[in-house]
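Chains as they are written, first to last, in the UniProt record's numbering: chain A, 1 to 813; chain B, 1 to 198; chain C, 1 to 310. One structure below.
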Amino acid sequence: MTNLWMDIKHADVITVMGGNAAEAHPCGFKWVVEAKAHNNAKLIVIDPRFTRTASVADLYCPIRQGTDIAFLSGVAKYLIDNDKLQHRYLAAYTNAAFVVKEGYAFDEGLFSGYSEDKRDYDKTTWDYEIGPDGYAVVDETMQHPRSVMQLLKKHISIYTPEMVERICGSPKETFLKVCQMIAETSSPEKTMTSLYALGWTQHAKGSQNIRSMCIVQTLLGNIGMLGGGMNALRGHSNIQGLTDIGLMSNLIPGYLNIPIEKEPTYSDYIAKRQFKPLRPGQMSYWQNYNKFFVSFQKAMWGDKAQKENDWAYDYLPKLDVPTYDIVRGFELAKQGKMSGYVIQGFNPLLSFPNRAKMTEAFSKMKFVVVMDPLQTETARFWENHGEYNDVDPSKIQTEVFELPTTLFAEEEGSLSNSSRWLQWHWQAQEAPGECRSDIEIMSALFLRIRAMYKRDGGAFPDPIVNLKWDYAISHSPTAIELARELNGYTLAPVTDASGTTIPAGKQVDGFAQLKDDGTTACGCWIYSGCYTEKGNMMARRDNTDPGDRGIAPNWAFAWPANRRVLYNRASCDPEGKPWSEKKKLIEWNGKQWVGFDVPDYGATVAPDKGMGPFILNQEGVARLWTRGLMRDGPFPTHYEPFESPVANAAFPKIKGSPAARIFKGDLADLGTSAEFPYAATSYRLTEHFHSWTKHSKINAILQPEMFVEISEQLAKEKGIAKGDWVRVWSKRGSLKAKAVVTKRIKPLVCDGKTVHVVGLPQHWGFIGETKKGWHPNTLTPVVGDANTETPEFKAWLVNIEPTSPPADRQRTV
Amino acid sequence: MTVQVSRRGLLKGIGVGIAGGTLGALGFGDLQPAAAAAVRPFKLAQMRETRNTCPYCSVSCGVILYSLGDRSKNAKSAVMHVEGDPDHPVNRGTLCPKGSSLLDFIRSETRTKYPMYRAAGASEFKRVSWDFALDRIATLLKEDRDRNFVAKNGDLTVNRWVTTGFLGASATTNETAWVTYKTVRSMGALVFDNQARV
Amino acid sequence: MADYASLDIRQRSASTDQPPDIRAHQEVAKLIDVSKCIGCKACQAACEEWNDLRDDVGINVGVYDNPHDLTAKTWTLMRFTEYENPETNNLEWLIRKDGCMHCSDPGCLKACPSPGAIVQYSNGIVDFVEENCIGCAYCVKGCPFNIPRISKTDRKAYKCTLCSDRVAVGQAPACAKACPTGAIMFGTKEAMIEQAHDRVDDLKSRGFKQAGLYDPKGVGGTHVMYVLHHNDKPHLYNGLPDDPKISPLVAFWKGGAKVFGLATMGFAALAGFFHYVTAGPNEVVPEEEEEAIDLKDRASRNRDGEARLS
């Protein structure tokens with residue numbers, strides 16, 4: 001979230017699209033209900049299903065899954081055509097006036113530089129025209145034919161309300177109502193917040209779905225504003241933290257990168273990361289990259305990371321492919337190229353696409369280690385559970401370990417929520433049985449491995465035997481010791497920008513004090529400030545909220561720098577006055593920036609210095625057009641899902657996203673609409689949390705059994721009554737479930753063709769308190785988003801028919 | 001199940017006799033003991049309160065865990081009830097159906113409690129000691145790393161290990177994440193991902 | 001608990017003596033704002049958790065409602081209705097939290113033949129005292145909202161207590177505290193009525209012209225009230241009675257037959273006379289209802305006669 005949960009109460013319009021906040025985030029959703037009750041806000045829900053969020057909406061608009069880009073590009077077109085823009089914001093705070101260099105083109109759904117063989121782009125033409133002064137060329141009139149504004153207009157010109165209806169199945173009249181309501185917030189006094197989650201990300205073009213709304217919000221001047229922003233609600237309690245700390249193939253904590261093979265030396269690596277400002281007077285915060293990187297290396301390897309050895313640059317692995325994400329990992333496993341997997345608190349057998357492929361991949365591994373407080377299906381992939389997990393254990397030669405772990409009530413530490421708050425929690429009970437914390441388990445494994453390398457040697461032992469590991473009790477580092485490392489500390493006396501000298505061995509106050517000369521160490525620069533000499537800032541519990549801004553600045557710690565609303569400089573006009581007094585966050589008082597939030601700007605940089613408010617960007621402004629930063633194009637473009645019930649009405653020659661990665665076997669596993677005519681989607685229900693709460697009795701009572709949701713029309717066509725058993729199958733698998741026949745799903749008409757939506761909630765498996773059942777991922781395709789490799793769980797194809805109950809249920813119902 | 005009860009039965013019953021019974025005569029004269037019996041004693045009166053965070057979604061609501069015992073040496077603590085933390089600025093004491101049922105997650109019948117091991121081809125798990133499990137896993141990891149570690153690709157130093165994968169959790173703490181990051185990366189592992197991907 | 005003024009007793013089933021009545025009391029109420037409800041079932045979960053109830057894990061029968069009905073272990077239940085509004089052509093998902101309404105004039109208490117098995121506190125809460133319950137299920141008949149359920153395990157009647165144990169120590173009921181969107185509010189009845197009026201104004205401004213507060217007079221008002229978008233058609237909300245009234249039969253029982261009936265019921269309890277009455281809601285056949293009205297009329301005539309005689 002650029003903003004935070006309570007901030008939603010200040011919104012005038014709330015658009016929930018690509019998510020179902022009432023269902024998946026009920027307690028955060030209260031702030032939507034607050035905005036309605038006390039700020040007279042209007043709630044718009046755009047979703048293939050009339051969801052629980054829709055049940056309290058002012059306007060519900062249906063949409064076919066996987067067509068959000070067409071819809072939102074249509075909204076952007078409406079805003080431009082009807083002059084519903086925040087003009088001063090657009091001119092001063094976006095790249096609308098920047099001129100793109102010659103050679104950039106878009107034709108029949110493809111950008112310049114496409115290679116069909118590689119399914120990838122050469123992005124050299126996707127950049128600004130650079131002037132003789134070394135800065136990007138800007139045409140303040142925005143009339144230059146290659147200005148971003150003119151290119152945007154051209155790019156979205158096809159998304160007329162008629163085209164939106166053809167692609168999305170959203171009735172033109174309802175679509176226009178949505179546009180009108182959204183357009184109201186072009187006023188500097190009004191804001192819209194966009195709430196989204198996995199309904200946008202789980203597509204082969206997920207990142208571009210989000211980009212589409214970014215464009216809308218930027219045209220309206222709603223970024224950086226109270227009650228505005230782009231708010232990713234996120235799925236789990238700490239995937240924000242796990243990502244911040246870089247538990248991904250290609251990341252170093254704080255969104256730094258693991259080097260690639262073509263960066264064999266530290267100087268190659270850092271040369272590519274000299275993020276020079278693209279406009280005069282600009283900041284570009286990433287200029288500090290080397291400070292964060294060196295401090296990270298010091299946190300990892302202490303004295304062994306020295307200037308002389310390029311800060312132990314060789315200790316880091318180098319990538320030969322963009323990422324070894326889960327999709328690639330299990331593709332390799334299926335090919336027999338993986339020996340094992342170590343899995344912490346994760347149930348990939350159910351959570352990953354194409355169950356049959358997952359079972360095959362697991363069965364080919366030599367060993368699988370699962371650390372979890374619950375018995376997961378993953379740990380038991382080899383166990384026969386009748387038709388729910390029809391495997392022959394004697395044919396599976398995998399060694400499997402199920403290691404019992406503590407859960408939240410039995411440990412202390414911090415979690416990062418979607419508002420970027422790091423909140424500390426405390427232990428309430430001792431763990432049952434022989435459960436151990438994940439910290440203890442990882443430490444025990446590490447210490448054993450380190451001892452073996454010290455004793456016996458082996459492949460490149462250096463980074464292992466030299467890993468900084470000076471915890472008081474080496475097999476059980478405390479959460480506080482680890483938090484202090486994440487925050488960062490001085491290794492020698494350090495003088496900061498204000499001239500203050502911090503002695504050696506002290507916690508730093510924030511990332512501004514980090515150095516690139518080896519005098520500081522910091523596990524995760526963006527977390528710097530979380531555990532300072534003042535103590536544990538994440539454990540703060542002062543909920544006072546000056547000015548009723550919905551900020552509570554002294555509750556826990558928010559990254560970065562305890563800032564609660566990102567880009568809040570943009571809440572003021574170029575002169576430093578709030579756009580709206582009612583929505584004031586910060587302001588320029590003549591000497592410095594002051595207000596309710598930590599300014600996202602140089603604290604004493606005067607507004608007339610011309611520095612843009614988006615200080616993380618080299619341009620200093622928000623990007624309507626993203627240069628070469630996205631793999632699949634600088635503007636979002638409508639492509640169909642890889643499995644789609646209709647042809648691409650916008651670009652008939654192109655179906656799925658042309659730059660999305662898909663492996664050969666997975667491509668062969670895609671079905672056609674002739675065989676699988678119905679548009680399926682998978683989602684959560686509010687009664688459950690993924691596959692965990694099926695272990696919880698009360699949640700099992702509230703929603704005991706797998707079902708699928710279909711319209712009354714499809715039910716009639718297929719002879720299905722409510723409560724009947726149905727079989728749903730795709731090219732990849734088949735499952736049985738109860739039928740919920742509902743008015744909340746209606747057939748859509750797309751380009752003259754009736755499209756039926758089949759909805760599959762995803763909470764059942766073969767272990768727990770609920771009735772045994774299947775997960776929709778038995779059926780889903782394996783294709784990832786072009787930028788993030790997040791699988792396309794939200795849009796694929798199935799068929800459906802009435803069926804008999806599963807064998808174990810034949811007598812009970 | 002629906003049962004038809006004849007109201008005539010009731011009315012006829014009423015008409016059976018006109019004995020002069022009163023409450024007192026029936027032995028329920030004292031009202032206050034009856035009230036005491038009606039109202040269940042408040043069950044949290046002296047339970048220990050611990051501030052925690054709901055482990056499910058990313059709203060990360062504040063919760064209060066009420067546990068048995070006051071942490072004195074001879075009382076083993078056990079969570080008995082979970083309720084929203086009214087001081088928490090986001091949830092302000094509320095909890096969703098998952099959060100309201102956290103007690104049943106903590107006490108789940110299908111929690112793991114002991115290290116279990118399934119040998120190749122076996123049809124069931126067997127309980128093993130931690131030492132057995134950790135020794136065996138450490139050995140498997142080292143064997144695979146030593147066999148498949150790639151130090152060089154041509155002239156380029158690449159120092160990577162891509163034949164064992166690691167998946168981070170989605171509800172473990174930042175501190176767990178950091179210790180996991182340190183250990184996994186120190187081994188040069190690149191097949192590394194977390195729940196954010198899906 | 002009796003020391004808490006809020007839980008002084010106002011009425012007691014099958015009893016004639018008057019409880020002390022000199023204290024001033026504040027009535028409490030729960031306001032269920034259907035227009036804010038997202039049907040998340042947090043109230044159901046919080047109710048089961050707080051009250052240490054665990055119903056059976058059922059099955060899906062093609063709807064979201066689970067369990068499928070109130071039971072002795074499910075004291076509150078979300079009931080889902082998909083309604084296509086003919087005036088707007090909009091689909092409305094009307095989700096109502098069902099459970100005891102805590103009537104000011106409680107039909108269950110009036111119908112109850114067992115002394116002290118049902119009590120009403122001065123704050124308006126109607127509570128079942130299971131120790132005194134004989135399992136006859138007359139409360140089920142007496143209830144115009146079809147709420148109480150008889151346990152198959154112990155043959156006693158159960159329903160929502162409005163968390164009298166929490167209210168007694170100054171806390172809101174578990175469901176109200178949990179409710180993520182504030183669709184369930186708890187406070188004095190006065191405050192809840194005021195809150196409801198604000199909500200009704202908001203709903204009217206959003207086009208729900210018939211929005212209103214459901215606090216039915218037929219049962220003397222309730223201590224659980226609803227804000228409804230369509231207060232002119234309560235039945236849309238999964239059969240919420242448009243105009244609930246205590247059955248004439250119960251009125252008769254409470255009125256004319258009370259004194260002589262008490263002894264009878266005392267006897268009945270002891271003798272297990274009504275042991276054939278089993279768990280579950282009862283159905284009234286129309287002839288019986290008519291006969292009851294008839295009997296009630298005759299009884300009131302008799303009573304008038306008796307009054308004249310004395």
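The beta carbon of each residue, even a glycine, is placed where N, CA and C say it ideally should be.
Start and end residues, beta strand (DSSP E) containing residue i
{"i": "residue 81(C)", "result": "76 to 84"}
{"i": "residue 595(A)", "result": "593 to 595"}
{"i": "residue 682(A)", "result": "678 to 683"}
{"i": "residue 61(A)", "result": "59 to 61"}
{"i": "residue 343(A)", "result": "340 to 344"}
{"i": "residue 9(C)", "result": "9 to 12"}
Sequence-distant residues of its chain with Cβ nearer than 6 Å to residue i (five each side left out)
{"i": "residue 54(B)", "result": "61, 63 and 99"}
{"i": "residue 237(A)", "result": "415"}
{"i": "residue 833(A)", "result": "An answer regarding residue 833(A) cannot be provided, because it is not within the stretch 1 to 813 covered by chain A."}
{"i": "residue 387(A)", "result": "806"}
{"i": "residue 270(C)", "result": "Residue placement at residue 270(C) is poorly supported in this model, since its pLDDT is 36, which falls under 50; the coordinates are not used for a value here."}
{"i": "residue 289(C)", "result": "Residue placement at residue 289(C) cannot be trusted, given a pLDDT of 48 that sits under 50; what the coordinates show is reported in the next sentence. Closer than 6 Å at the Cβ level, and outside the excluded window around residue 289(C), lies no residue."}
Under 7 Å from the C-beta of residue i: neighbouring residues of chain D
{"i": "residue 95(C)", "result": "The chain inventory of the structure shown lacks chain D, comprising the protein chains A, B and C."}
Candidates the options, of which the one nearest residue i by Cα
{"i": "residue 187(C)", "options": "89(C), 29(C) and 11(C)", "result": "29(C)"}
{"i": "residue 722(A)", "options": "743(A), 703(A) and 733(A)", "result": "743(A)"}
{"i": "residue 358(A)", "options": "328(A), 579(A), 130(A) and 596(A)", "result": "328(A)"}
{"i": "residue 361(A)", "options": "165(B), 193(B), 188(B) and 103(B)", "result": "165(B)"}
{"i": "residue 225(C)", "options": "97(C), 149(C) and 80(C)", "result": "97(C)"}
{"i": "residue 580(A)", "options": "39(A), 134(A), 50(A) and 187(A)", "result": "187(A)"}
{"i": "residue 484(A)", "options": "443(A), 506(A) and 518(A)", "result": "506(A)"}
Boundaries of the alpha helix (DSSP H) in which residue i is found, first to last residue
{"i": "residue 822(A)", "result": "What is shown of chain A runs 1 to 813, which leaves residue 822(A) out entirely."}
{"i": "residue 517(A)", "result": "Premise fails: residue 517(A) is in no alpha helix (DSSP H) and is neither H nor E."}
{"i": "residue 579(A)", "result": "Looking at the DSSP string, residue 579(A) is not in any alpha helix (DSSP H), and its letter there is neither H nor E."}
Same chain only: Cβ atoms within 7 Å of residue i, ignoring 5 sequence neighbours per side
{"i": "residue 160(B)", "result": "150, 188 and 190"}
{"i": "residue 286(C)", "result": "A caution first: residue 286(C) carries a pLDDT of 47, below 50, which makes its placement in the model too unreliable to give a value."}
{"i": "residue 272(C)", "result": "Because the pLDDT at residue 272(C) is just 36, under 50, the model does not fix this residue reliably, and the value given afterwards should be weighed accordingly. Same-chain partners within the cutoff: there are none."}
{"i": "residue 145(C)", "result": "101, 241 and 244"}
{"i": "residue 163(C)", "result": "50, 173 and 174"}
Residues near residue i by beta carbon distance below 8 Å, same chain, minus five either side
{"i": "residue 333(A)", "result": "341, 361, 362, 364 and 365"}
Can you list, in chain order, the residues of the stretch 162 to 185 of chain C whose Cβ is nearer than 9 Å to any Cβ on chain A? So the close ones are 179, 180, 181, 182 and 183.
Whole alpha helix (DSSP H) runs in the stretch 688 to 775 of chain A with 4 or more residues, listed along the chain? You should have 697 to 702 and 712 to 718.
Return the chain-ordered ranges of every alpha helix (DSSP H) run that is complete within the stretch 26 to 85 of chain C and spans a minimum of 4 residues. Listed in chain order, the complete alpha helix (DSSP H) runs (minimum 4 residues) inside the stretch 26 to 85 of chain C are 42 to 50.
At what residue ranges does the stretch 27 to 97 of chain B contain a whole run of the alpha helix (DSSP H), taking only runs of 4 or more? As far as the stretch 27 to 97 of chain B is concerned, its whole alpha helix (DSSP H) runs of at least 4 residues are 31 to 38.
Which residue spans inside the stretch 197 to 221 of chain C form an unbroken beta strand (DSSP E) run of at least 3? With a minimum length of 3 residues, the unbroken runs of beta strand (DSSP E) contained wholly in the stretch 197 to 221 of chain C fall at 212 to 214.
Counting only Cβ-Cβ distances shorter than 7 Å, please list the residues of the stretch 25 to 39 of chain A near chain C, keeping chain order. For the stretch 25 to 39 of chain A, which is checked against every Cβ of chain C, the residues closer than 7 Å are 26, 27, 29, 30, 33 and 37.
Which residues, in chain order, does the stretch 63 to 96 of chain C contribute to contact with chain A at a C-beta distance below 7 Å? Listed by position along the chain: 63, 66, 67, 82, 84, 91, 93 and 95.
Residues of the stretch 772 to 800 of chain A whose Cβ lies closer than 8 Å to any Cβ of chain B, in chain order: Within the stretch 772 to 800 of chain A, the residues whose Cβ lies closer than 8 Å to some Cβ of chain B are 788, 789, 790, 791 and 793, listed in chain order.
Extract the residue ranges of the alpha helix (DSSP H) inside the stretch 254 to 289 of chain A, only unbroken runs of 4 or more that lie entirely within it. Inside the stretch 254 to 289 of chain A, DSSP marks whole alpha helix (DSSP H) runs of 4 or more residues at positions 266 to 271, from first to last along the chain.
Given a limit of 8 Å on CB to CB distance, which residues of the UniProt domain "4Fe-4S ferredoxin-type" (28 to 56) of chain C reach chain A? Per Cβ criterion, the list reads 35, 36, 37, 38, 39, 40, 41, 42, 44, 45, 48, 49, 54, 55 and 56.
Closer than 9 Å, Cβ to any Cβ of chain B: which residues of the stretch 329 to 343 of chain A, in chain order? If you check each beta-carbon in the stretch 329 to 343 of chain A against every beta-carbon of chain B, the ones closer than 9 Å belong to 329, 330, 332, 333, 337, 338, 339, 340, 341, 342 and 343.
Compile a chain-ordered list of the residues in the stretch 220 to 253 of chain C whose CB is closer than 8 Å to at least one CB of chain A. For the stretch 220 to 253 of chain C, which is checked against every Cβ of chain A, not one residue is closer than 8 Å.
Output, in sequence order along the chain, the residues in the UniProt domain "4Fe-4S ferredoxin-type" (124 to 153) of chain C whose CB is closer than 9 Å to any CB in chain A. Those residues of the UniProt domain "4Fe-4S ferredoxin-type" (124 to 153) of chain C that come within reach of chain A (Cβ to Cβ, closer than 9 Å) do not exist; the list is empty.
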